[in-house]
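Reading the sequence shown from the start, the letters are residues 72 to 346 in the numbering used here.
Below: the structure, in structure tokens.
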Amino acid sequence: MKTQKIGFIGGGNMASSLISGLIASGHEPGNIWVSDINAEQLKSLAERLKVNATASNDTVVNETDVVVLAVKPQTLRDVALQAAPAIQQRKSLVVSIAAGISERSLSTWLGAETAIVRCMPNTPALVLTGATALHANDKVNAEQRNTAENILRAVGIALWVKDEKELDAVTAVSGSGPAYYFLLMEAMEQAAVELGLTEDTARLLVLQTALGAAKIALESSESPELLRKRVTSPGGTTQRAIETFQQGGFSDLVSKALHAARDRSIEMSKQPEFN
72 MKTQKIGFIG GGNMASSLIS GLIASGHEPG NIWVSDINAE QLKSLAERLK
122 VNATASNDTV VNETDVVVLA VKPQTLRDVA LQAAPAIQQR KSLVVSIAAG
172 ISERSLSTWL GAETAIVRCM PNTPALVLTG ATALHANDKV NAEQRNTAEN
222 ILRAVGIALW VKDEKELDAV TAVSGSGPAY YFLLMEAMEQ AAVELGLTED
272 TARLLVLQTA LGAAKIALES SESPELLRKR VTSPGGTTQR AIETFQQGGF
322 SDLVSKALHA ARDRSIEMSK QPEFN
């Protein structure tokens, strides 16, 4: 990874986080290139991270071994078609972090022989605690898989799925997932204020509790179900709250929500601008 030259087409928040993570993990800034239509964004990246910045996508492709497509899904088709000749000539590995754009569409735009890894990161990558699922087409070799995985591991965990269709489920679980937790935090904060706590106290307690629960779950070999049961004393306050959640259909509602998000991901991938 330290000798690999990596290029980013698109220099927004996710690209910036990936670049920061790569540098923090030991990648030389001089081996990283980034292009963007926003001159101020390029200037900021160059000054802050000391990477190579350019307005030319072709320059990024021609100077690197790996190209990360980090533009908005609505603009990816035009960007990919324009960069395709240089990518084909360089035989670049292409890593796409654009939601909803299938490998079939990417192969159509970039060329059938292009090695493509499609990724589904989530917003906690912005603070280097992301969760990313990856899927590679059959043109990607073992070394390239390792390269793509290492890029995404720079901002959190990264894991592979066998079937590209699984990325729709990943979108529903981890892609959209942070918003679900924010919704729960929002509701808990509101309820805490109703119980008499100040807004500042309510927020701090809710956020620290969320952090602590996640840390326990990550560091434990036990399932969330067992962890929940361990902190739920029979007849106690926690049991009363859990029973209230369950009586309100909490689990069914969560299931319906994730199915709805998965279905919307499938719908979006079929939109004309994504094909």
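Every residue gets a Cβ at the ideal spot worked out from N, C-alpha and C, and that includes glycine.
Spatially closest choice to residue i from the options, by CA coordinates
i           : options               : result
residue 198 : 92, 82, 315 and 323   : 92
residue 280 : 296, 259, 264 and 269 : 259
residue 183 : 153, 291, 210 and 284 : 210
residue 152 : 326, 80, 293 and 263  : 80
residue 332 : 278, 239, 169 and 307 : 239
residue 160 : 172, 130, 145 and 343 : 130
residue 166 : 154, 115, 222 and 201 : 222
residue 170 : 117, 315, 141 and 119 : 141
residue 96  : 225, 325 and 113      : 225
residue 353 : 76, 113 and 231       : In the structure displayed, the chain extends from 72 to 346; residue 353 sits before or after that span and is not available.
residue 296 : 322, 282 and 283      : 322
residue 103 : 78, 114, 112 and 179  : 78
Span separating the alpha-carbon of residue i from that of residue j
i           : j           : result
residue 310 : residue 252 : 21 Å
residue 304 : residue 330 : 32 Å
residue 177 : residue 204 : 17 Å
residue 72  : residue 162 : For residue 72, the predicted model reports a pLDDT of 46, less than 50, meaning its position is unreliable; a value from the coordinates is still stated below. Cα to Cα, the separation comes out at about 18 Å.
residue 289 : residue 227 : 13 Å
residue 328 : residue 340 : 19 Å
residue 99  : residue 147 : 27 Å
residue 101 : residue 122 : 6 Å
residue 202 : residue 270 : 30 Å
residue 125 : residue 117 : 9 Å
residue 75  : residue 90  : 13 Å
residue 278 : residue 241 : 24 Å
residue 262 : residue 334 : 31 Å
residue 88  : residue 307 : 43 Å
residue 158 : residue 346 : 19 Å
residue 164 : residue 127 : 18 Å
residue 145 : residue 168 : 13 Å
residue 150 : residue 208 : 20 Å
residue 200 : residue 256 : 18 Å
residue 273 : residue 318 : 25 Å
residue 114 : residue 135 : 20 Å
residue 237 : residue 338 : 14 Å
residue 301 : residue 314 : 15 Å
residue 320 : residue 312 : 13 Å
residue 276 : residue 285 : 14 Å
residue 250 : residue 179 : 33 Å
residue 325 : residue 94  : 38 Å
residue 344 : residue 316 : 41 Å
Whole-Å CB distance - residue i paired with residue j, under 8 Å assumed
i           : j           : result
residue 139 : residue 132 : Residue 139 to residue 132, Cβ: 11 Å. No contact.
residue 155 : residue 120 : Not confirmed; about 28 Å, so no contact.
residue 298 : residue 291 : 6 Å
residue 235 : residue 173 : 7 Å
Distance cut-off 7 Å: residue i Cβ against heavy atoms of the ligand MN
i           : result
residue 244 : The ligand MN is not among the ligands present in this structure, which contains no ligands whatsoever.
- Query: Taking three-plus beta-carbon pairs below 8 Å as touching, is the region 73 to 92 in contact with the region 185 to 201?
  - Reply: yes
- Message: Could you tell me which whole alpha helix (DSSP H) segments of length 4 or greater appear in the region 189 to 231?
- Response: 213 to 224
- Is the region 108 to 117 close to the region 179 to 193, with three or more CB pairs under 8 Å? no
- Query: Considering only residues of the region 241 to 297, which uninterrupted alpha helix (DSSP H) runs meet the minimum length of 4 residues and lie entirely inside it, listed in chain order?
  - Reply: 248 to 265 and 270 to 290
- Cβ pair count under 8 Å reaching 3, the region 235 to 247 against the region 209 to 223: no
- Message: Suppose only complete runs of 4+ residues qualify. What are the alpha helix (DSSP H) ranges in the region 116 to 196, listed by chain order?
- Response: 128 to 133, 144 to 161 and 174 to 181
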